[in-house]
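Report on the structure given below.
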Ligand SMILES: Cc1cc2nc3c(=O)[nH]c(=O)nc-3n(C[C@H](O)[C@H](O)[C@H](O)COP(=O)(O)OP(=O)(O)OC[C@H]3O[C@@H](n4cnc5c(N)ncnc54)[C@H](O)[C@@H]3O)c2cc1C
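In my numbering, the protein residues as written are 553 to 1003.
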């Protein structure tokens, strides 16, 4: 590549252009999952929409492979590429709140923590994920579930509009009244259609919540999961709860109920009573806390720099047989940092949206199975990956053939059948949309819909 062209791009950017050996090169290419170690030829650290446009046009002109980094949290590691141009949005992290309309505008590189801290000052919350370092870009475009999902819906359902740089370098606004087809595709279709430089979200008035963990001995895991299955189905939508087999930091294998109640505190006792009275827990940390505290409660369990291999699938029913298998495999877990988790999202406004109304199709999803393989030593890769694969394979007969795109592992993303499972009934319409907005598959390092 002609170095003069590279210098021209560097000169155009409000942010900076990083080449191998430059000061910020290694920081910018390092993702959350330390299994990913790729070396782009160039990294455009964008600080503005104009920077993103310049980077997209440069990559087109020079026929370069492009990756897009939001929060850098995706386990599959698509945010970075070898030899191509990494478009890094990390510096685009501004958040603005309009208290009157309860709308929050967040640049495309924001972390959830950045959005939460500004929104919380206004007593508002954008429904999103449960770890504050996750990027809103990948999360919102693929769906977005978290502690407010049952009451206020998924993150994608709260996108009011988006500013998008598409593959030909144009900047479009997508909303219900502008480029409505693109707006449809952005709400569940992932990063396939362009780079979102700013999201406008509908936020909701949530200031404090009742949240925490109720921890049971692992020996009673089967009973805890059965209780969880029956309880969550009849719990009010203000309550979102997950159930997991995990290991405490001091090495005790436990079963944990993690829960957040976002309704009227006066009603919380009744809502939480069955969960708090069930069995003989070792610990119960449920308490009224600022929502922002809930949003960072589990961060320490998912630090930067660990090795991660995840698998995920939806289940229609959490049968006794499935629970038995889940617990058997959890008990054979090879790393104390790993976990097997069941999440229940159903019952709120997102479940009332038709499966073809937005690109996110899994509206009737009940339980989501997450197999989280996490460890530190590269020499142990195959041992822990094998555990995750074996657990996933064993539970497959109990899954419904649908997958939450945001939780797909890297090997799931390369298989067309798995991608079809991720986009469900909307797959063919997404292909048509891809042909319109990105006919050359310029944005291909993602849960890719091939034009
Ligand atoms: C520890 C952890 C916890 C998680 N918790 C949750 C959770 O609670 N709820 C949930 O729903 N999901 C959760 N996830 C999954 C998460 O939603 C996805 O990993 C998501 O892709 C992360 O987004 P990111 O911007 O950080 O990813 P990145 O790795 O930066 O990007 C992933 C892909 O997203 C696309 N992308 C990112 N930003 C943009 C943008 N602005 N415009 C266009 N495309 C973009 C690109 O295609 C990119 O390849 C979690 C993941 C991890 C690792």
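Heads up, the beta-carbon is just placed ideally off N, CA and C, and yes, glycines get one too.
Query, Result
"Threshold first: 4 residues or longer. Then list the alpha helix (DSSP H) segments lying entirely within the region 841-894, N to C.", "843-846 and 872-883"
"Could you check which residue in 687, 692 and 794 has the C-alpha nearest to that of residue 754?", "692"
"Among 612, 590 and 870, whose alpha-carbon lies nearest the alpha-carbon of residue 1042?", "Given a span of 553 to 1003 for the chain in the structure shown, any question on residue 1042 remains unanswerable."
"Going by C-alpha distance, which of 949, 917, 576 and 886 is nearest residue 975?", "917"
"Considering only the alpha carbon of each residue, which of 662, 908, 832 and 919 lies closest to residue 875?", "919"
"Does DSSP put residue 581 in a helix, a strand or coil?", "helix"
"Between which two residues does the alpha helix (DSSP H) harbouring residue 936 extend?", "933-947"
"Rounded to whole angstroms, what is the Cα-Cα separation between residue 981 and residue 939?", "36 Å"
"Is DSSP giving residue 995 helix, strand or coil here?", "coil"
"Is it true that the region 795-813 meets the region 774-781, where meeting means three or more beta-carbon pairs spaced less than 8 Å apart?", "yes"
"How long is the line joining the alpha carbons of residue 771 and residue 727, rounded to whole angstroms?", "50 Å"
"Regarding residue 927 and ligand 1, is the C-beta to nearest heavy atom distance less than 7 Å?", "no"
"Cα separation between residue 713 and residue 904?", "21 Å"
"With distances taken from CA atoms, which of 961, 898, 707 and 943 is nearest residue 998?", "961"
"Tell me which residue opens and which closes the alpha helix (DSSP H) that residue 638 is part of.", "Here residue 638 belongs to no alpha helix (DSSP H); instead the beta strand (DSSP E) covers 637-640."
"What residue from 890, 956, 614 and 584 has the CA that sits closest to residue 556's CA?", "614"
"Are the beta-carbon atoms belonging to residue 623 and residue 687 less than 8 Å from one another?", "yes"
"Which term fits residue 678, buried or exposed, when burial requires 16 or more other beta carbons within 10 angstroms of its beta carbon?", "buried"
"Whole beta strand (DSSP E) runs in the region 605-679 with 3 or more residues, listed along the chain?", "618-621, 637-640, 647-650 and 655-659"
"Any heavy atom of ligand 1 closer than 7 Å to the CB of residue 683?", "yes"
"What residues in its chain sit with their C-beta under 6 Å from that of residue 585, if we drop five residues either side in the sequence?", "627, 629 and 860"
"Would you check whether ligand 1 has a heavy atom nearer than 7 Å to the C-beta of residue 741?", "no"
"Under DSSP, the alpha helix (DSSP H) around residue 919 begins and ends at which residues?", "No alpha helix (DSSP H) contains residue 919, which is instead part of the beta strand (DSSP E) from 919-927."
"Using CA atoms only, rank isn't needed, just tell me which of 702, 731 and 750 is closest to residue 649.", "750"
"Can you give the Cα-Cα distance for residue 812 and residue 792, rounded to whole angstroms?", "6 Å"
"How about residue 1015 and residue 680: are their beta carbons less than 8 Å apart?", "Any property of residue 1015 remains undetermined from this structure, which presents the chain solely from 553 to 1003."
"Can at least three beta-carbon pairs, one atom from the region 632-647 and one from the region 592-611, be found at a separation below 8 Å?", "yes"
"Do residue 958 and residue 695 count as a contact pair if the criterion is CB distance below 8 Å?", "yes"
"What is the DSSP secondary structure of residue 813, counted as helix, strand or coil?", "strand"
"Residue 584: beta carbon under 7 Å from a heavy atom of ligand 1?", "yes"
"Does residue 715 come out as helix, strand or coil in the three-state DSSP assignment?", "strand"
"Under 8 Å between the Cβ atoms of residue 597 and residue 561?", "no"
"Taking three-plus beta-carbon pairs below 8 Å as touching, is the region 740-749 in contact with the region 981-991?", "yes"
"Classify residue 786 as buried or exposed, calling it buried when 16 or more other Cβ atoms lie within 10 Å of its own Cβ.", "exposed"
"How is residue 806 classed by DSSP in three states: helix, strand or coil?", "strand"
"For residue 702 and residue 815, I'd like the C-alpha separation in whole angstroms.", "11 Å"
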